[in-house]
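Trainee:
Protein chains: 2
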Amino acid sequence: MQQRFYTITQLTQEFAITTRTLRFYEAQGLLAPQRRGRQRLYSPADRTRLKLILRGKRLGFSLSEISEMIGMYGKAPGEAGQLRLLMEKITARRAELLEKRRDIGLTLKELDEVEAGARARMAEIGGVFEDGAASIVREEEA
Amino acid sequence: MQQRFYTITQLTQEFAITTRTLRFYEAQGLLAPQRRGRQRLYSPADRTRLKLILRGKRLGFSLSEISEMIGMYGKAPGEAGQLRLLMEKITARRAELLEKRRDIGLTLKELDEVEAGARARMAEIGGVFEDGAASIVREEEA
DNA sequence: ACGTCTTTTTACGTTAAAGTCAACAGAGAG
DNA sequence: CTCTCTGTTGACTTTAACGTAAAAAGACGT
Numbered sequence: 001m002q003q004r005f006y007t008i009t010q011l012t013q014e015f016a017i018t019t020r021t022l023r024f025y026e027a028q029g030l031l032a033p034q035r036r037g038r039q040r041l042y043s044p045a046d047r048t049r050l051k052l053i054l055r056g057k058r059l060g061f062s063l064s065e066i067s068e069m070i071g072m073y074g075k076a077p078g079e080a081g082q083l084r085l086l087m088e089k090i091t092a093r094r095a096e097l098l099e100k101r102r103d104i105g106l107t108l109k110e111l112d113e114v115e116a117g118a119r120a121r122m123a124e125i126g127g128v129f130e131d132g133a134a135s136i137v138r139e140e141e142a
Numbered sequence: 001m002q003q004r005f006y007t008i009t010q011l012t013q014e015f016a017i018t019t020r021t022l023r024f025y026e027a028q029g030l031l032a033p034q035r036r037g038r039q040r041l042y043s044p045a046d047r048t049r050l051k052l053i054l055r056g057k058r059l060g061f062s063l064s065e066i067s068e069m070i071g072m073y074g075k076a077p078g079e080a081g082q083l084r085l086l087m088e089k090i091t092a093r094r095a096e097l098l099e100k101r102r103d104i105g106l107t108l109k110e111l112d113e114v115e116a117g118a119r120a121r122m123a124e125i126g127g128v129f130e131d132g133a134a135s136i137v138r139e140e141e142a
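Respectively, the protein sequence lines represent chains R and F.
Under the UniProt record's numbering, think of the first position of the first sequence as 1, with each following residue one higher.
Under the UniProt record's numbering, think of the first position of the second sequence as 1, with each following residue one higher.
Listed below in structure tokens is the structure:
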């Protein structure tokens, strides 16, 4: 198995972030790349973790929340009390995510309405636009 | 029609925010309650706006993004160029929201996996828990 | 070996979104 | 009228999440 590594700039380019960001995440304990001398070497696993972090950010979670969530992925703890705690956290997170999904649904619906209004207004005043802007192809979902 | 109003503290209690937050939103131009003397009086419309703001926050949007989105809801502009711009913004927002929804789906799936692992681990070590914690009723969706 | 480019470390600066604190105004209860 | 609540304004502070700058150490092509 060939352990391929990524340099810091490769990751910054792939994900459109800065080196400062990556080092900051490391300082926060979210990443822990290997070192060759002083240089950081990011493994595929590190890259995956980074993707999880960025996904969390897109969803509006704070770095500490993200840290907690990623912590769950590690492995189920051996002790019963810890397991129960983990289950509680999962339940809480799930509720939060479902709420966000409802919020998104509402917002999308409202956007549709605004768009319909705009479209009507367009028809009223200007006729049709030259390019396809008036018949946007909707990105497929899920 | 009776115009019922809300005091600032009523809103803070209903939405679990502080007066500071409400005044801050006002300073940012997100709210504009009437005044009776110096006192703020929030109309039902103001309350609705506030709900939109908080929903935006839950989804991780910044206040200026929220401001822009709420601005769309106002009314379609009369000028064609403005209309087109509006449509573009709508399209961009929609894409963003759909991405978030995909992200949520992935995260939920991962949570399910973690939960399954935890459940298995539970069965392994401790048998079943006394209360219903081991058979969580899933919140209904949408 | 040399100059150039990348990377690291350290330190200070910045921005958004409030929190905290102080001083004061108005309104109603006793 | 005085006390107490609620609300207001203004100033200062805080926190998260980076940005920016400076100096030095490696890495790389020729």
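Cβ coordinates follow ideal geometry from the N, Cα and C atoms, glycine included.
Just so we're clear, the structure is a prediction, and the values are computed from it rather than from any experiment.
Could you list the residues in the stretch 99-116 of chain F with a C-beta less than 9 Å from some C-beta on chain R, going in chain order?
Mentor: GLU99, LYS100, ARG101, ARG102, ASP103, ILE104, GLY105, LEU106, THR107, LEU108, GLU110, LEU111, ASP112, GLU113, VAL114, GLU115
Trainee: Is F:ALA123 close to chain R? Criterion is C-beta to C-beta, closer than 8 Å.
Mentor: no
Trainee: Using a beta-carbon distance below 8 Å, is R:ALA16 in contact with chain F?
Mentor: no
Trainee: Quick one: what's residue 143 of chain R bridged to in DSSP?
Mentor: In this structure chain R extends from 1 to 142, so residue 143 of chain R is not present and cannot be described.
Trainee: Does the Cβ of F:ILE125 have 16 or more other Cβ atoms within 10 Å, making it buried, or fewer, making it exposed?
Mentor: exposed
Trainee: State the CB to CB distance for the pair residue 152 of chain F and R:ALA118, rounded to an integer number of angstroms; the pair is presumed to be in contact (CB under 8 Å).
Mentor: No statement about residue 152 of chain F is possible, as the shown extent of chain F runs from 1 to 142 and does not include it.
Trainee: Can you name the residues of chain F whose CB is closer than 7 Å to the CB of R:LEU83?
Mentor: ALA118, ARG121, MET122
Trainee: Per DSSP, which residues does F:LEU6 bridge with? Please list them.
Mentor: For the sequence presented, residue 6 of chain F should be read as Tyr rather than Leu. BP columns for F:TYR6 point to F:TYR42.
Trainee: Roughly how many whole angstroms lie between the Cα atoms of R:ARG35 and R:ILE53?
Mentor: 21 Å
Trainee: Identify each residue in the stretch 8-40 of chain R for which the Cβ-Cβ distance to at least one residue of chain F is less than 9 Å, and report them in chain order.
Mentor: none
Trainee: With a Cβ-Cβ cutoff of 8 Å, do R:LYS100 and F:LEU59 count as a contact?
Mentor: yes
Trainee: For R:TYR25, is the classification buried or exposed, using 16 other Cβ atoms within 10 angstroms of its Cβ as the cut-off for buried?
Mentor: buried
Trainee: Can you confirm whether F:ALA45, when its beta carbon is compared against all beta carbons of chain R, has any partner nearer than 8 Å?
Mentor: no
Trainee: Is DSSP giving R:ALA76 helix, strand or coil here?
Mentor: coil
Trainee: Taking Cβ positions, are F:THR21 and F:ILE8 nearer each other than 8 Å?
Mentor: no
Trainee: Where does F:PHE61 sit, in a helix, a strand or coil, going by DSSP?
Mentor: coil
Trainee: At a Cβ threshold of 8 Å, is F:TYR42 touching chain R?
Mentor: Not closer than 8 Å to any Cβ of chain R, the Cβ of F:TYR42 fails to qualify, so no.
Trainee: Can you give me the start and stop residues for the alpha helix (DSSP H) that F:ALA27 sits inside?
Mentor: 19-27
Trainee: Between the C-alpha atoms of R:ILE66 and F:GLY71, what's the straight-line distance to the nearest angstrom?
Mentor: R:ILE66 and F:GLY71 have their C-alpha atoms spaced approximately 31 Å apart.
Trainee: Please check if any C-beta of chain R sits within less than 8 Å of the C-beta of F:ALA133.
Mentor: Because F:ALA133 carries a pLDDT of 46, less than 50, the predicted location of this residue cannot be relied on, and no value is offered for it.
Trainee: Using the three-state DSSP reduction, which class does R:VAL137 fall into: helix, strand or coil?
Mentor: Note that R:VAL137 scores a pLDDT of 39, beneath 50, so its modelled location is shaky; the value from the coordinates is reported in the next line. Coil, per DSSP.
Trainee: Whole angstroms is fine: what's the gap from F:LYS75's alpha carbon to R:TYR42's?
Mentor: 49 Å
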